[in-house]
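Read in numbering that gives the first Met the number 0, the sequence shown has 110 at position 111, and its numbers run on one by one without any break.
The next block holds one structure in the form of structure tokens; read it before the comments.
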Amino acid sequence: MFTIKTLNKISPAGLKILDQDQYAVTGDAENEDGILVRSADMHAYEFPQNLLAIARAGAGTNNIPIARCSEAGIAVFNTPGANANAVKELVLCALLLSSRDILGGVEWVRTQAMTEGVDVAAVVEKGKSAFVGPEVYRKTLGVIGLGAIGALVCNIGLSLGMEVYGYDPFLSVDAALRLDRHIHVVKDVSELYRQADYITLHVPCNDATRGSINADAISRMKDGVRIINLARGELVCDGDMIAALESGKVSRYVTDFPNNTIALAKNVVAIPHLGASTPESEDNCAVMAAQELREYLENGNIKNSVNLPTLEQEWSGTARVCIIHRNIPAMLSSITGILSQDGVNVENLTNKSKKDYAYTVVDLNTSVGEDVLSEIRAVDGVLRVRLIRR
Numbered sequence: 000m001f002t003i004k005t006l007n008k009i010s011p012a013g014l015k016i017l018d019q020d021q022y023a024v025t026g027d028a029e030n031e032d033g034i035l036v037r038s039a040d041m042h043a044y045e046f047p048q049n050l051l052a053i054a055r056a057g058a059g060t061n062n063i064p065i066a067r068c069s070e071a072g073i074a075v076f077n078t079p080g081a082n083a084n085a086v087k088e089l090v091l092c093a094l095l096l097s098s099r100d101i102l103g104g105v106e107w108v109r110t111q112a113m114t115e116g117v118d119v120a121a122v123v124e125k126g127k128s129a130f131v132g133p134e135v136y137r138k139t140l141g142v143i144g145l146g147a148i149g150a151l152v153c154n155i156g157l158s159l160g161m162e163v164y165g166y167d168p169f170l171s172v173d174a175a176l177r178l179d180r181h182i183h184v185v186k187d188v189s190e191l192y193r194q195a196d197y198i199t200l201h202v203p204c205n206d207a208t209r210g211s212i213n214a215d216a217i218s219r220m221k222d223g224v225r226i227i228n229l230a231r232g233e234l235v236c237d238g239d240m241i242a243a244l245e246s247g248k249v250s251r252y253v254t255d256f257p258n259n260t261i262a263l264a265k266n267v268v269a270i271p272h273l274g275a276s277t278p279e280s281e282d283n284c285a286v287m288a289a290q291e292l293r294e295y296l297e298n299g300n301i302k303n304s305v306n307l308p309t310l311e312q313e314w315s316g317t318a319r320v321c322i323i324h325r326n327i328p329a330m331l332s333s334i335t336g337i338l339s340q341d342g343v344n345v346e347n348l349t350n351k352s353k354k355d356y357a358y359t360v361v362d363l364n365t366s367v368g369e370d371v372l373s374e375i376r377a378v379d380g381v382l383r384v385r386l387i388r389r
């Protein structure tokens, strides 16, 4: 029986993935084996001894202390692509809101209707010119980040009749295959800045991207550019954005991450973090997170981990040893040497690495004792060892 702790409300569609005969799921769990989380801040969370994995029902993992998890041998999963359609649809809305002052016009109409003696039908014809804006058709859309969401946004931009430029320094083969051949994928973001009338951000927030939309970046963009940020608020330097809005360099900024400063700035459309807030998206994220957690706890297989490599191995024995370790030389020889010395026959072995960390799965034709596992744990660089019996 595995104990799973929920730190946020998780969609029942995901919880149904975890069989009640094998999983006890509760928000009050202690010494849990796994955690399901959405937005709860875990940076001060004290990891219990049994904790093996954390699955975040969403793409971003800024609320999880990844480095500390890695050192503790805890796998961290996210759900890339599960909320992609929801965010894509909000980008479509944001494009229109950034182009035409729809919200300003709606509020103005309400004000007129509440003013005594005003004939709304008559005044709108005279006042509507204050809220006009350009069509997106035949304009140029720049998409920064070409993952699951960015690829969908690129393709819908083409459907709107836009010229589309994409930029992603870490473009994968799978992501490239999702892109329509008419999209201009550029190797220098400055080229995208020069071309785009509209720019939308779809990258994670990390040391390389934090504050990347700043005064320098904006200075390389077209005059009157419209910028959409449904990714992470920290990608944009608020002070530089406000200055650009005041000068007219940026016509409008749509953000899904309002704060006390940016929400009141000129020509800002502040959305209350609605990017993935659809019932469908919440179901998709919860289902994927639960599936990832279940596969890791029951079989040791890893998919969509942000701190450990992807490794999926079919069973070929009666027991499986799963080892999280540092990505250093001679680790495999040390592990197999211990097994050999103890007379344990290896049926199958897979080893994968991801930056500083590696993961090894060893299938055996017989179970092993705690003494063998303790020997492996004692190897310098080994962070976590567990035995799964079939």
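Ideal placement from N, C-alpha and C gives every residue a C-beta, glycine not left out.
In three-state DSSP terms, what is CYS92? helix
For the beta strand (DSSP E) containing TYR164, list its first residue and its last residue. 162-166
Are the CB atoms of ILE143 and TYR166 within a distance shorter than 8 Å? yes
Across which residues does DSSP place VAL224 in a beta bridge pair? VAL249
Quick check on MET0: buried or exposed, where buried means 16 or more other Cβ atoms within 10 Å of its Cβ? exposed
Let me know the beta strand (DSSP E) ranges lying completely inside the segment 260-290, each 3 residues or longer, listed in chain order. 267-269
Separation of GLU294 from ASN300, as counted between CA atoms: 6 Å
When VAL90, ALA195, GLY126 are compared against TRP107, the one with the closest alpha-carbon: Here the closest residue by C-alpha is GLY126.
Do the CB positions of LEU191 and GLY141 come within less than 8 Å of each other? yes
From the DSSP output, read off the bridge partner residues of PHE1. TYR22
Look at ILE337 and GLY380 and say whether their C-beta atoms are less than 8 Å apart. no
Answer yes or no: do GLY146 and ALA174 have a C-beta to C-beta separation smaller than 8 Å? yes
Does the count of Cβ pairs from the segment 224-237 and the segment 202-212 closer than 8 Å reach three? yes
So what does DSSP say about ILE122, is it helix, strand or coil? Note that residue 122 is Val in the sequence shown here, rather than Ile. Of the three classes helix, strand and coil, the one that applies to VAL122 here is helix, per DSSP.
Would you mind giving the Cβ-Cβ distance between ILE323 and LEU307, rounded to the nearest angstrom? I have them listed as a contact below 8 Å. 7 Å
Are there three or more Cβ pairs, one per stretch, closer than 8 Å when the segment 89-98 is compared with the segment 52-66? no
Check whether THR199 and ILE227 have beta carbons under 8 Å apart: Yes. Within cutoff.
Drop a sphere of 10 angstroms on the beta-carbon of ASN205, count the other beta-carbons inside from all chains shown, and report buried for 16 or more, exposed for fewer. Burial call: exposed.
Put ASP362 into one of helix, strand or coil per three-state DSSP. strand
Top-ranked residue by Cα proximity to GLY80, from ASN7, ARG177, LEU263: ARG177
Compute the beta-carbon to beta-carbon distance between ALA262 and ALA85, rounded to the nearest angstrom, for a pair I have assumed lies under 8 Å. Not quite, the Cβ-Cβ distance comes to about 22 Å (not below 8 Å), so this is no contact.
Residues of its chain near GLU362, where Cβ-Cβ distance is below 6 Å and the 5 sequence neighbours each way are ignored: The sequence given here has Asp at residue 362, not Glu. SER315, GLY316, ARG319, GLU346, ASN347.
Quick one: measure Cβ to Cβ for LYS248 and VAL152, integer angstroms, because I've assumed they're closer than 8 Å. About 23 Å; that fails the 8 Å criterion.
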